[in-house]
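These notes concern the structure reproduced below.
There are 2 protein chains.
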Amino acid sequence: MNPVDPVPLDQPTARTWLATAVAEARAGLAEGGIPIGAALYGPDGTLLGRGHNRRVQDGDPSTHAETAAFRAAGRQRSYRGTTMVTTLSPCWYCSGLVRQFGISRVVVGEAATFHGGHDWLAEHGVEIVLLDDPGCVGMMRDFIEKNPALWNEDIGE
Amino acid sequence: MNPVDPVPLDQPTARTWLATAVAEARAGLAEGGIPIGAALYGPDGTLLGRGHNRRVQDGDPSTHAETAAFRAAGRQRSYRGTTMVTTLSPCWYCSGLVRQFGISRVVVGEAATFHGGHDWLAEHGVEIVLLDDPGCVGMMRDFIEKNPALWNEDIGE
Numbered sequence: 010m011n012p013v014d015p016v017p018l019d020q021p022t023a024r025t026w027l028a029t030a031v032a033e034a035r036a037g038l039a040e041g042g043i044p045i046g047a048a049l050y051g052p053d054g055t056l057l058g059r060g061h062n063r064r065v066q067d068g069d070p071s072t073h074a075e076t077a078a079f080r081a082a083g084r085q086r087s088y089r090g091t092t093m094v095t096t097l098s099p100c101w102y103c104s105g106l107v108r109q110f111g112i113s114r115v116v117v118g119e120a121a122t123f124h125g126g127h128d129w130l131a132e133h134g135v136e137i138v139l140l141d142d143p144g145c146v147g148m149m150r151d152f153i154e155k156n157p158a159l160w161n162e163d164i165g166e
Numbered sequence: 010m011n012p013v014d015p016v017p018l019d020q021p022t023a024r025t026w027l028a029t030a031v032a033e034a035r036a037g038l039a040e041g042g043i044p045i046g047a048a049l050y051g052p053d054g055t056l057l058g059r060g061h062n063r064r065v066q067d068g069d070p071s072t073h074a075e076t077a078a079f080r081a082a083g084r085q086r087s088y089r090g091t092t093m094v095t096t097l098s099p100c101w102y103c104s105g106l107v108r109q110f111g112i113s114r115v116v117v118g119e120a121a122t123f124h125g126g127h128d129w130l131a132e133h134g135v136e137i138v139l140l141d142d143p144g145c146v147g148m149m150r151d152f153i154e155k156n157p158a159l160w161n162e163d164i165g166e
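Protein sequence lines, in the order shown, are assigned to chains A and B.
So in the numbering used here, the last one in the first sequence is 166, and the numbering has no gaps at all.
So in the numbering used here, the last one in the second sequence is 166, and the numbering has no gaps at all.
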């Protein structure tokens, strides 16, 4: 195997990793924030960092779930073989993060409520695992229905 | 004029705005950091936020110059008509930020030492003003020559 390729991901592991991102999203929701969570896993399956959207909590529009997880992982010499797990399809900002730093794989909880840049990432060689998780869809659909203005602010619409 | 279009930018104003980004880059360099600076200007020319790369200073790989300026501007309901000014061509991560949030224009100090996503942004309707500033080129070239590993870490190479 090419050492830069991520280890093949089985469904149980993908679901376990998604649970970490979902726990982050729920923590954000409990804080009054936007319920999107993410986690960055290393090539060997080690959890490197996790986090959630903090627009409301910190008044910080730059902290999306993926950037929070990326920041929490600290400085890394390389992202080859790493996996970004996120409850929602990554927006252009977070897709750009994945592409720039050479993150090898993205596990996406759902892309039904928001379709970001994951197709673009796939075109550029990033492995995309789309889980179509009903729990993620429900959480996000409920949030958007109750907070349309906040949601639109978070995606610049 | 369509209200979402940015006000036409004359060269003296572009240079003045770039000076703000250069001052940020120099502040970062003085702190031992990577000398890239940025500033976000509002549709009426008001400075909304400014900042610089903080990878070294904070051990934070998520704070590029553009994300620092964006964060410093706080929550904004819309970025229509705003201008992101940066000393260096924006990487994919920062280009994704500009696209996702609908920032209307990017003033780029230089794209000679690093060619990021500004062509892609232009294709997607963002006005790009490339200044080819020799001072910006010299500052970055000197830094990369002295710190190749740190520079490669910052762009994920």
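Ideal Cβ placement from N, Cα and C applies to all residues, glycine included.
Given the structure is predicted, the values throughout are model-derived calculations rather than measurements.
The segment 115-130 of chain B and the segment 122-136 of chain A do not touch, with fewer than 3 CB-CB distances between them shorter than 8 Å. Pairwise C-beta distances place the segment 55-65 of chain B out of contact with the segment 58-78 of chain A, as fewer than three of them are shorter than 8 Å. Listed in chain order, the non-local C-beta contacts of T72(A) below 6 Å within the same chain comprise R63, local neighbours out to five positions each way being set aside. Between G90(B) and A30(B), the C-beta gap is not smaller than 8 Å, which leaves the two residues out of contact.
Pairwise C-beta distances place the segment 145-155 of chain A in contact with the segment 23-40 of chain A, as three or more of them are shorter than 8 Å.
Across the set R84(B), E154(B), Y88(B), H61(B), the C-alpha of H61(B) shows the shortest separation from the C-alpha of A78(B).
Taking 8 Å as the CB threshold, L106(A) lines the interface with chain B.
Contact check for V116(B) and V138(B): beta-carbon distance about 5 Å, within the 8 Å limit, so the pair qualifies. With a threshold of 8 Å between beta carbons, S113(A) makes no contact with chain B. R35(B) carries a helical assignment under DSSP once its states are collapsed to helix, strand and coil.
The three-state secondary structure of T29(A), taken from DSSP, is helix. Listed in chain order, the beta strand (DSSP E) elements of length 3 or more contained wholly in the segment 87-166 of chain B are 92-97, 114-119, 136-139. Minimum Cα-Cα distance from E33(B) among the listed residues T95(B), E162(B), E136(B), A158(B) corresponds to T95(B).
In the three-state reduction of the DSSP assignment, R63(B) falls in the coil class, being assigned neither a helical nor a strand state.
Between the alpha carbons of Q109(A) and N156(A) lies a distance of about 31 Å. Residues V117, A120, F123, H124, G125, H127 of the same chain have their beta carbon placed closer than 6 Å to that of S98(A), with the five preceding and five following residues left out of the count. In the same chain as R35(B), and ignoring 5 residues on each side of it, the C-beta atoms closer than 7 Å to its own belong to P44, in chain order. With its beta carbon less than 8 Å from one in chain B, W101(A) belongs to the interface. Closer than 8 Å to the CB of G144(B) there is not a single CB belonging to chain A. It is roughly 13 Å from the alpha-carbon of A47(B) to the alpha-carbon of C100(B). Exposed is the label assigned to P17(A), since fewer than 16 other Cβ atoms lie within 10 Å of its Cβ.
D19(B) sits exposed, since fewer than 16 C-beta atoms from the chains shown fall within 10 Å of its C-beta. Between A39(B) and G83(A), the alpha-carbon positions lie close to 22 Å from each other. The C-beta of E33(A) comes no closer than 8 Å to any C-beta of chain B.
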